[in-house]
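In my numbering, the protein residues as written are 2 to 223.
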């Protein structure tokens, strides 16, 4: 079987969250490590899940109703502006598969969420990590470093807003500068609910067709 694997897959290790495995083995531990919502689903949610579980044997629709509502909440034109996935990870997977060929480059600002590199490696891409700058006893984004790292092989630039794990923001003008390059620009807003929607860069979607905003239900909404 080894002869049939694409060469960039062979050295990859299985993604395992050891801290999550430990938490399930020891339920008495307080799960403070994954930024999960500790509040269980409400009775209303559970009732809805039960209702739709009775037709789970049928293929689903395109999710136009929920996509339309999400579009309206974020000031977007229609459901066509929204894609739903099995967590942000699936959205990254779809985006990276759409734009990356083996040898293409993805630029990220580090430290950052590890999923970007994992998805890049899986497709035979090359991750370009631009370190943040340390100024006034805190880490700050280095947009000039990101812009200088762009080459003819750059197919995706990914930035978290706010960043995970440092919690800081890049200036709005720098988001505009990067979006203006025309390169697919993924902005990870997993924690935007905690920062306030005024910090969201979703308005860029109306002007720049290369901008993709990702959100998640697993943090603020559980």
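We put the CB at the ideal spot given by N, CA and C, even for glycine.
| Which word fits residue 126, buried or exposed, when buried means at least 16 other C-beta atoms lie within 10 angstroms of its C-beta? | In the chain shown, residue 126 corresponds to position 125, counting from 1. When all chains shown are included, residue 126 counts as buried.
| Cβ contact (3+ pairs, closer than 8 Å) linking the region 42-56 and the region 68-77 | no
| request: Whole angstroms is fine: what's the gap from residue 15's alpha carbon to residue 191's? | output: One-based indexing of the chain shown puts residue 15 at position 14. One-based indexing of the chain shown puts residue 191 at position 190. Distance between the alpha carbons of residue 15 and residue 191: 23 Å.
| message | Taking 6 Å as the limit between beta carbons, can you name the residues of its chain near residue 117, skipping five residues before and five after? | response | Taking the chain shown and counting its residues from 1, one reaches residue 117 at position 116. Same-chain partners within the cutoff: 109, 159.
| query | Where does residue 204 fall in DSSP's three states? | reply | Position 203 of the chain shown, counted from the first residue, corresponds to residue 204. Coil at residue 204, not helix or strand.
| field | Endpoints, alpha helix (DSSP H) assigned at residue 176 | value | Locating residue 176 in the chain shown gives position 175, counting from the first residue. Looking at the DSSP string, the run of the alpha helix (DSSP H) that includes residue 176 is 173-180.
| query | In three-state DSSP terms, what is residue 33? | reply | Residue mapping note: residue 33 aligns to position 32 of the chain shown, counting from 1. The answer is coil: DSSP assigns residue 33 none of H, G, I, E or B.
| Where the alpha helix (DSSP H) containing residue 96 begins and where it ends | For the purposes of this step, residue 96 is taken as the residue at position 95 of the chain shown. 89-100 is the extent of the alpha helix (DSSP H) around residue 96.
| said: Suppose the cutoff is 6 Å on Cβ atoms and the five residues either side in sequence are ignored; what does the same chain contact list for residue 203 look like? | reply: Within the chain shown, residue 203 is the residue found at index 202, counting from 1. For residue 203, where only same-chain residues beyond five positions count, the Cβ hits under 6 Å are 75, 214.
| Apart from the five residues just before and just after residue 164, which ones in its own chain have a Cβ nearer than 7 Å to its Cβ? | In the chain shown, the residue the question calls residue 164 occupies position 163. These residues qualify, in order along the chain: 113.
| With 16 other CB atoms within 10 Å as the buried threshold, where does residue 195 fall? | Translated into the one-based positions of the chain shown, residue 195 becomes position 194. Burial call: exposed.
| Between 173, 91, 65, 134, which lies nearest to residue 199 when the distance is taken from Cα to Cα? | Along the chain shown, read from residue 1 onward, the residue named residue 199 stands at position 198. It is 173 whose Cα lies nearest to the Cα of residue 199.
| query | How do the region 139-158 and the region 167-187 stand: do at least 3 beta-carbon pairs fall below 8 Å, yes or no? | reply | yes
| query | Among 82, 47, 10, which one has its Cα closest to the Cα of residue 208? | reply | Residue numbering aside, residue 208 sits at position 207 when the chain shown is read from its first letter. Minimum Cα distance to residue 208 is reached at 82.
| said: Tell me the DSSP secondary structure of residue 6 in three-state form. | reply: To locate residue 6, count along the chain shown from 1; it is residue 5. Residue 6 falls in the coil class under three-state DSSP.
| query | In the structure shown, what three-state DSSP assignment does residue 189 receive? | reply | On the chain shown, position 188 is the one that residue 189 refers to. Correct three-state label for residue 189: strand.
| field | Distance between residue 78 and residue 101 (C-alpha atoms, nearest Å) | value | Mapped onto the chain shown, residue 101 falls at position 100. Mapped onto the chain shown, residue 78 falls at position 77. Their backbone Cα atoms lie some 28 Å apart in a straight line.
| field | CA-to-CA distance, residue 120 to residue 91, given in whole angstroms | value | For the purposes of this step, residue 91 is taken as the residue at position 90 of the chain shown. For the purposes of this step, residue 120 is taken as the residue at position 119 of the chain shown. C-alpha separation (whole angstroms): 10 Å.
| query | Does the separation of the CB atoms of residue 185 and residue 206 fall below 8 Å? | reply | Here residue 185 refers to the residue found at position 184 of the chain shown. Here residue 206 refers to the residue found at position 205 of the chain shown. No, these two residues do not count as a Cβ contact at 8 Å.
| task | Specify, as a first and last residue, the run of the alpha helix (DSSP H) that residue 66 falls within. | result | To locate residue 66, count along the chain shown from 1; it is residue 65. Looking at the DSSP string, the run of the alpha helix (DSSP H) that includes residue 66 is 65-74.
| task | Compute the Euclidean distance between the alpha carbons of residue 50 and residue 97, then round it to the nearest angstrom. | result | Taking the chain shown and counting its residues from 1, the one referred to as residue 50 is at position 49. Taking the chain shown and counting its residues from 1, the one referred to as residue 97 is at position 96. Each residue's Cα considered, the two are about 31 Å apart.
| field | Element boundaries [beta strand (DSSP E), containing residue 130] | value | Mapped onto the chain shown, residue 130 falls at position 129. Segment 127-132, the beta strand (DSSP E) holding residue 130.
| task | Leaving aside the five residues before and after residue 154 along the sequence, list all residues of the same chain whose C-beta is less than 6 Å from its C-beta, in chain order. | result | If you number the chain shown from 1, residue 154 lands on position 153. Excluding positions up to five away in sequence, the list reads 105, 106.
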